[in-house]
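Undergrad:
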Amino acid sequence: MDWALIFKALGHSVRFQLYMSLLQGVEEMDCKAIGLDDAACCVVDFTRQFSLAQSTISHHLRILQDAGLITQKRSGTYSLYSVNAETLDAMKMFMATLHVYESDNHTHPVGVQGL
1 MDWALIFKAL GHSVRFQLYM SLLQGVEEMD CKAIGLDDAA CCVVDFTRQF SLAQSTISHH
61 LRILQDAGLI TQKRSGTYSL YSVNAETLDA MKMFMATLHV YESDNHTHPV GVQGL
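Numbering-wise, the sequence shown is residues 1 to 115 according to UniProt numbering.
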């Protein structure tokens, strides 16, 4: 996993919100009607939710995809995006390896196991 690439992709507020929307499921998604699970979404769904141009949404989704955070599959004329479960599981394991210690009511990073 390229953690720097992953965290850089999530470091932009729009991309973070897009990713969180996929994680949480987006209400009233048109893509549900074509028989896919609730976690799949197409660009049009995001343009409605975020009031951004389709090209802007596509740009941010491409960066999330290049970082391995989401996957894309085609269904007819739709490009459907969903969370990459393998990367999500790896992120959970990575975050669990982070350690902090507390002193004087402050937390300080100690390091990461295995690095």
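From the three backbone atoms N, C-alpha and C, an ideal C-beta is built for every residue, glycine too.
Taking only runs that begin and end inside the UniProt domain "HTH arsR-type" (1-104), name each unbroken beta strand (DSSP E) of 3 or more residues, in chain order.
TA: 70-75, 78-83, 98-103
Undergrad: In its own chain, which residues sit with a C-beta less than 8 angstroms from the C-beta of residue 3, not counting the 5 before and 5 after it?
TA: Residue mapping note: residue 3 aligns to position 3 of the sequence shown, counting from 1. Same-chain partners within the cutoff: 94.
Undergrad: Please report the Cβ distance between residue 58 and residue 70, rounded to the nearest whole angstrom; I am assuming they are in contact, meaning their Cβ atoms lie under 8 angstroms.
TA: Along the sequence shown, one-based indexing puts residue 58 at 58. Along the sequence shown, one-based indexing puts residue 70 at 70. The Cβ separation is near 12 angstroms, so there is no contact.
Undergrad: Alpha carbon to alpha carbon, how far is residue 97 from residue 50? Give it in angstroms, no decimals.
TA: Translated into positions along the sequence shown, residue 50 becomes position 50. Translated into positions along the sequence shown, residue 97 becomes position 97. Straight-line Cα distance between these residues: approximately 34 angstroms.
Undergrad: Name the residue from 86, 1, 8, 23 whose alpha carbon lies nearest to the alpha carbon of residue 40.
TA: Start at 1 with the first residue of the sequence shown, and residue 40 comes out as number 40. For residue 40, the nearest C-alpha among the options comes from 23.
Undergrad: Give a yes or no on whether the minimum CB-CB distance between residue 43 and chain B is below 8 angstroms.
TA: Considering every chain present, this structure includes no chain B. It has just one protein chain.
Undergrad: Counting C-beta neighbours from all protein chains within 10 Å, is the total for residue 74 16 or more, i.e. buried, or is it exposed?
TA: Taking the sequence shown and counting its residues from 1, one reaches residue 74 at position 74. Exposed, because fewer than 16 other Cβ atoms sit within 10 Å of the Cβ of residue 74.
Undergrad: Using the rule of at least 16 other Cβ atoms within 10 Å of the residue's Cβ for burial, across every protein chain shown, is residue 12 buried or exposed?
TA: In the sequence shown, residue 12 corresponds to position 12, counting from 1. Exposed is the call here.
Undergrad: Ordered along the chain, which non-local residues of its own chain (more than five positions away) have a Cβ less than 7 angstroms from that of residue 64?
TA: On the sequence shown, position 64 is the one that residue 64 refers to. So the list reads 9, 15, 18, 19, 70, once near-sequence residues are dropped.
Undergrad: Rounded to whole angstroms, what's the CA-CA distance from residue 21 to residue 90? Just pull it up for me.
TA: Indexing the sequence shown from 1 puts residue 21 at position 21. Indexing the sequence shown from 1 puts residue 90 at position 90. Spanning the two alpha carbons is a distance of roughly 19 angstroms.
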